[in-house]
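Following: one structure in structure tokens, then a few remarks.
Numbering (UniProt numbering), first residue to last: 1 to 299.
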């Protein structure tokens with residue numbers, strides 16, 4: 001809070017927030033304030049939309065202006081109360097000590113409230129009723145997870161404006177749009193790799209429609225023993241990596257392998273990955289090609 005005090009002394013506070021400072025403010029501070037307020041030249045309010053306040057002891061979190069409760073600042077949810085409050089710059093910890101229950105001292109106003117404004121106070125108190133300060137942890141800002149998947153599939157690239165909507169076709173030539181779910185599971189070309197993998201492992205299951213469900217079902221398809229699950233997790237990740245590498249080769253190098261050749265890659269790489277990790281295999285490479293569980297001794 002020492003830095004806050006320095007900035008507050010120099011630039012002043014308006015509605016519980018540090019002022020931009022106008023022409024008297026330094027250029028770096030004006031730029032930070034513009035980003036905070038969502039008026040930067042590029043991206044608008046990207047910063048406010050990308051961070052959330054993680055509650056701790058709340059010593060450094062402001063009651064009205066920080067998004068510490070359900071990700072929305074109370075000054076936005078209860079703007080009328082914020083306008084009337086005399087404690088605009090108080091922290092959550094300070095307001096908690098003043099008391100925010102019925103009759104609490106935090107509810108100090110510039111004038112007497114109307115009946116409908118009193119109802120807003122009751123609503124706000126209901127939100128605060130079960131909140132408990134976490135004395136053993138500090139306040140911090142966290143980045144929100146990006147709702148758009150990070151994998152640069154064509155649908156993702158089109159969503160970000162990197163490629164046109166017309167350029168989203170799957171590289172396998174199946175005619176569908178390339179998404180992660182399509183590429184790794186439902187594509188008639190790449191998705192058929194899973195059938196060969198299941199035959200190699202001697203397991204049978206229906207493919208779920210989403211990647212998370214597919215991973216969970218695949219890794220438990222041969223029982224819940226830890227050794228089996230760990231091995232199947234390796235195979236699942238290796239299949240995804242093999243498909244993605246083949247996708248890139250087709251897209252950028254104009255080279256193509258059959259699904260049978262991709263299956264051979266899965267067998268080959270899984271064998272050498274395990275060998276490089278000093279995993280003892282009961283039988284030789286040729287046995288691995290047909291009976292991986294037997295080689296691992298986890299039948």
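A virtual CB, placed ideally from N, CA and C, is assigned to each residue, including glycine.
Item: Nearest to residue 124 (by Cα), restricted to the options 34, 63, 214, 268; Value: 63
Item: Assumed close pair residue 80, residue 117 - CB separation to whole angstroms, cut-off 8 Å; Value: 6 Å
Item: Per-residue burial, residue 275 [other beta carbons within 10 Å of its own, 16 or more giving buried]; Value: exposed
Item: Residue 42 classed as buried or exposed, judged by whether at least 16 other C-beta atoms fall within 10 angstroms; Value: Here residue 42 scores only 49 on pLDDT, less than 50, and its place in the model is too uncertain to base an answer on.
Item: Residues that residue 109 bridges to, as DSSP identifies them; Value: 85
Item: CA-to-CA distance, residue 66 to residue 57, given in whole angstroms; Value: Below a pLDDT of 50, predicted positions are generally treated as unreliable, and residue 57, at 49, falls in that range; no measurement from the model is reported.
Item: Residue 216, enclosing alpha helix (DSSP H) - first and last residue; Value: 211-219
Item: Segment contact flag, the segment 188-197 with the segment 224-232, C-beta cutoff 8 Å, min 3 pairs; Value: no
Item: 6 Å Cβ shell around residue 95 - same chain, five flanking residues per side excluded; Value: 63, 106
Item: Boundaries of the alpha helix (DSSP H) in which residue 292 is found, first to last residue; Value: 292-296
Item: Length of the line joining the Cα atoms of residue 237 and residue 109; Value: 59 Å
Item: Residue from 288, 212, 190 whose Cα sits closest to the Cα of residue 202; Value: 288
Item: Own chain residues within Cβ distance below 6 Å of residue 296, not counting five before or after; Value: none
Item: Beta-carbon proximity list for residue 20, same chain, < 8 Å, skipping 5 on both sides; Value: 11, 29, 30, 33, 34, 37
Item: Beta-ladder partner(s) of residue 91, from DSSP; Value: 62
Item: Between the CA atoms of residue 172 and residue 187 - distance to the nearest angstrom; Value: 8 Å
Item: Residues bridged to residue 177 (per DSSP); Value: 169
Item: Residue 248 - DSSP class collapsed to helix/strand/coil; Value: helix
Item: Among 93, 185, 291, nearest to residue 68 - alpha-carbon criterion; Value: 93
Item: Residue 210 and residue 168 closer than 8 Å at C-beta; Value: no
Item: Through-space distance from residue 153 to residue 90, alpha-carbon basis; Value: 46 Å
Item: Simplified DSSP state of residue 19, which is helix, strand or coil; Value: coil
Item: Counted within 10 angstroms of its Cβ, other Cβ atoms place residue 183 as buried (16 or more) or exposed; Value: buried
Item: Coil, strand or helix - residue 254 by DSSP; Value: coil
Item: Proximity below 8 Å, CB of residue 242 to CB of residue 266; Value: yes
Item: Three-way DSSP call (helix, strand, coil) for residue 281 in this model; Value: coil
Item: Minimum C-alpha distance to residue 204 - residue among 192, 218, 193; Value: 218
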